[in-house]
Structures are given as C-alpha cells and as structure tokens.
Amino acid sequence: MQVFFSMEGKELWVRVKGEVDLESADALRRELEASLDHARPEVLLLDLEGVTFMDSSGLGVILGRYRRLKKQGGRVVICRPQPQVRRLLEISGLSKIMTIHPDGPETAGGVD
1 MQVFFSMEGK
11 ELWVRVKGEV
21 DLESADALRR
31 ELEASLDHAR
41 PEVLLLDLEG
51 VTFMDSSGLG
61 VILGRYRRLK
71 KQGGRVVICR
81 PQPQVRRLLE
91 ISGLSKIMTI
101 HPDGPETAGG
111 VD
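Counting along the sequence shown from 1, when you hit position 78 you're at 78 in the UniProt record's numbering, and nothing is skipped either side.
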C-alpha cells in the first residue's frame, strides 16, 4: 500500500494505492493520524481510485477518521472508489454518513 498527501487550503488530500486490509490498515491509520495532527484540515478527502481491495479493517480506519473530524467540526469526502470498494462502503452504511464522489479531485468540492 502507498499513501500520498497534499494540503490545499483547508483540505487534506490523501491518495491511497494498493490493498487496505488487516495487514496494512494500522500503517494507514498511523499515517492519517500524523497528517491530521500536523495539518489540522477541515476536510479530509480520500482518493480511493488506486485501492484494489479493502476489508473491514480499512472501513474501520475510515470510520475512525470520520469520527475524529466530525468531533472537530470537519468532514470526510471519499473520491473515485473502485466499484468493489464503493459496494463495501454502501453495504457498511458509510455511504450514508459520508459524501462519496465518483469523480476526481477537481469535482469533489470539499469546502463549501
């Protein structure tokens, strides 16, 4: 798994590539937490186009960051999930509490 970060205004963009599973989820959580601590964004935009597989461990990482940002008055936006990942987000109910954009960064419109 690879993770790339960029800060644009009050938005923290995170592009994830590879598999997010039991083996890699803890590393992703640590990297996200460190970046959130440092950047203090209002919006966390997760670009999941490069994620080829995700299990419940990955969902837990996303949900934890959602709870953190919501508590701070922020939000999480998920962009470009692959069909299998989008289905997992829908089945888990995360699609009901977070915004999911099928398109890329230029159309996500993180901060209103």
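Cβ coordinates follow ideal geometry from the N, Cα and C atoms, glycine included.
These figures come from a predicted structure and were not determined experimentally.
Excluding the 5 residues flanking residue i on each side, which residues of the same chain have their C-beta closer than 6 Å to its C-beta?
i: Arg68; result: none
i: Leu32; result: Arg65
Might you give, ordered along the chain, the residues of its own chain that have their beta carbon closer than 7 Å to the beta carbon of residue i, omitting 5 neighbours on each side?
i: Lys70; result: none
Would DSSP call residue i helix, strand or coil?
i: Glu90; result: helix
i: Gly50; result: strand
i: Arg40; result: coil
i: Arg68; result: helix
i: Gln2; result: strand
i: Leu32; result: helix
i: Gly58; result: helix
i: Lys10; result: coil
Would you check whether the ligand SAM has a heavy atom nearer than 7 Å to the C-beta of residue i?
i: Gly74; result: No copy of the ligand SAM occurs in the structure displayed, which carries no ligand at all.
Measure the Cβ-Cβ separation of residue i and residue j and say whether it is below 8 Å.
i: Leu22; j: Ile62; result: no
i: Leu12; j: Leu44; result: yes
With a threshold of 16 other CB atoms inside 10 Å of the CB of residue i, please say whether the residue is buried or exposed.
i: Arg75; result: buried
i: residue 118; result: In the structure as shown, the chain begins at 1 and stops at 112. Residue 118 is therefore absent and cannot be evaluated.
i: Pro83; result: exposed
i: Pro102; result: exposed
For residue i, which residues of its own chain have a beta-carbon under 8 Å away from its beta-carbon, when the five flanking residues on both sides are left out?
i: Ser35; result: Phe5, Leu12 and Val14
Answer yes if the stretch 46 to 63 comes into contact with the stretch 10 to 25, meaning at least three C-beta pairs across the two stretches below 8 Å, and no otherwise.
yes
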